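Shown next, in structure tokens, is the structure this report addresses.
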Amino acid sequence: MRIRTARPTDLPLLQDIERAAGEPFRALGMSAIADDDPPPLDLLETYCRAGRAWVAADADDRPVGYLLADPVDGAVHVEQVSVHPSAARRGVGSRLIDHLADWAAGRGSHALTLTTFTQVPWNAPYYARLGFRALGEAELTDGLRRIRALEAEHGLDRWPRVCMRREIPHTGHLRQLTGADRQQ
């Protein structure tokens, strides 16, 4: 499994991954999630152009999972991470998140954030195993509050949700400063 930046040619496959990854929600009585449309191609293209879309590719370089990220209040927010069920339970999601943590650390961010369902085994309990912790209401940043409000408008609050955060340890290695950085 190789993590790489998403390419424009990958984008329709990301939609297929999203559709397939939604199906297991049906068994939990969350058909609305299973039936939800994947991100539109123009939105995926925006992430791709911004360099904030990654895929986990198989031996044939075909995406089996993907991650989209946004900067939110000094952290890097996991906007979406999805793995095709045929590649589930192989560490694909955790490798994508670890890749994002490395990317974020290289840009000076000290945390990853995300929002997720609390009672779905492959959501909040899974992220807790990856080092995320649930945030209390008083810990939410303005950006996370806006994300939660948009999710509520989209109907995601029909099921319990939570914001989570994972600190990014900076273990003694500082990124090299360019001349432009030193002048600031």
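Counting the sequence shown from 1 gives a position; my numbering is that position plus 14. Even for Gly, the Cβ is constructed at its ideal location relative to N, Cα and C. Only a predicted model underlies this, so the values are computations on that prediction, with no experimental measurement involved.
Going by other Cβ atoms of all chains shown within 10 Å of its Cβ, with 16 needed for buried, is residue i buried or exposed?
{"i": "R172", "result": "exposed"}
{"i": "P183", "result": "exposed"}
{"i": "A115", "result": "buried"}
{"i": "Q94", "result": "buried"}
{"i": "P53", "result": "buried"}
{"i": "Q197", "result": "Note that Q197 has pLDDT 35, beneath the 50 cutoff, so the model's placement of it is unreliable and the number below is only indicative. Label assigned to Q197: exposed."}
{"i": "T192", "result": "With a pLDDT of only 37 at T192, under 50, the local geometry of the prediction cannot be trusted, and no value is derived from it."}
{"i": "D24", "result": "buried"}
{"i": "P26", "result": "exposed"}
{"i": "S45", "result": "exposed"}
{"i": "A73", "result": "exposed"}
{"i": "A166", "result": "exposed"}
{"i": "L188", "result": "With a pLDDT of 43 at L188, under the threshold of 50, the modelled position of that residue is not reliable, and the figure given next carries that caveat. With fewer than 16 Cβ atoms within 10 Å of its Cβ, L188 is classed as exposed."}
{"i": "Q190", "result": "In this prediction, Q190 has a pLDDT of 41, which is less than 50 and means its spatial position is unreliable; what the coordinates show is noted afterwards. Exposed."}
Residue i and residue j: beta carbons closer than 8 Å?
{"i": "L149", "j": "P77", "result": "no"}
{"i": "A89", "j": "R16", "result": "no"}
{"i": "R175", "j": "T129", "result": "yes"}
{"i": "V69", "j": "R33", "result": "no"}
{"i": "A67", "j": "L55", "result": "no"}
{"i": "P99", "j": "P38", "result": "yes"}
{"i": "R3", "j": "A125", "result": "With the chain running from 15 to 198 in the structure shown, residue 3 is simply not present."}
{"i": "I111", "j": "V92", "result": "yes"}
{"i": "G79", "j": "I31", "result": "yes"}
{"i": "A138", "j": "S96", "result": "no"}
{"i": "G169", "j": "D87", "result": "no"}
{"i": "L144", "j": "S108", "result": "yes"}
Taking the DSSP output, what are the residues bridged to residue i?
{"i": "L126", "result": "V90, R180"}
{"i": "F146", "result": "In the DSSP output, where bridge partners are listed per residue, F146 has none listed."}
{"i": "I17", "result": "A70"}
{"i": "R175", "result": "F131"}
Considering only C-alpha positions, which residue in the set the options is nearest to residue i?
{"i": "L82", "options": "D156, E153, L164, R21", "result": "R21"}
{"i": "E153", "options": "H124, D49, C177, H91", "result": "C177"}
{"i": "E151", "options": "G145, L144, R162", "result": "R162"}
{"i": "G105", "options": "T60, Y61, L164, Y140", "result": "Y140"}
{"i": "A102", "options": "G122, H113, A118, W136", "result": "W136"}
At a threshold of 7 Å, does residue i count as lining the ligand NAP (C-beta to nearest heavy atom)?
{"i": "S45", "result": "Of ligands this structure carries none, so the ligand NAP is not represented either."}
Unbroken stretches of the alpha helix (DSSP H), 4 residues or longer, contained in the stretch 19-106: Fully contained in the stretch 19-106 are the following alpha helix (DSSP H) runs of length 4 or more, in chain order: 25-36, 45-49, 55-64.
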